[in-house]
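A.B. asks: I have a structure I would like to understand better, so I am pasting it below and will then ask my questions one at a time.
Residue numbers (our numbering): 710 to 818.
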């Protein structure tokens with residue numbers, strides 16, 4: 710049986726840029742979702758990822774693409790294997806004056 714993380718709703722309270730953020734969500738350094746976000750907006754990422762076999766922790770991070778400038782790192786959140794079976798959790802990303810949350814659940818498939 711594989712341990713997985715289900716990522717669901719990404720909510721933007723406040724963008725890093727004025728107007729729209731071009732967001733990327735990453736799981737352990739690998740992109741799994743991209744989309745434009747505005748303040749007050751929800752997006753369903755509806756993504757399932759495998760938990761790393763060799764670690765008790767995985768990291769989800771939120772990046773705001775800022776081409777041609779350097780991208781902005783809006784935050785990271787550690788997800789632990791011991792969150793298995795505890796229902797929905799919320800990761801918060803609040804760097805660079807941005808404010809987001811992402812709902813997720815750890816489960817066994």
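Don't be surprised by glycine CBs; every beta carbon is placed ideally from N, CA and C.
1) From which residue to which residue does the beta strand (DSSP E) around residue 770 run?
2) With DSSP run on the structure shown, which of helix, strand or coil describes residue 755?
3) Within a Cβ cutoff of 7 Å, which residues of the same chain sit near residue 789, ignoring the five residues on either side of it in sequence?
4) In its own chain, which residues sit with a C-beta less than 6 Å from the C-beta of residue 799, not counting the 5 before and 5 after it?
5) Are residue 735 and residue 769 touching if we call contact CB-CB under 8 Å?
6) With a Cβ-Cβ cutoff of 8 Å, do residue 750 and residue 721 count as a contact?
7) For residue 801, tell me which candidate among 719, 742, 715, 780 has the shortest Cα-Cα distance.
8) Comparing alpha-carbon positions, which option in 730, 791, 775, 786 lies nearest residue 807?
9) Tell me whether residue 806 sits in a helix, a strand or coil according to DSSP, three-state version.
C.D. replies: Quick answer:
1) 766-773
2) strand
3) 765, 766
4) Once the five neighbours on either side are set aside, the close Cβ partners of residue 799 are 810, 812.
5) yes
6) yes
7) 719
8) Residue 730 holds the alpha-carbon nearest to the alpha-carbon of residue 807 among 730, 791, 775, 786.
9) coil
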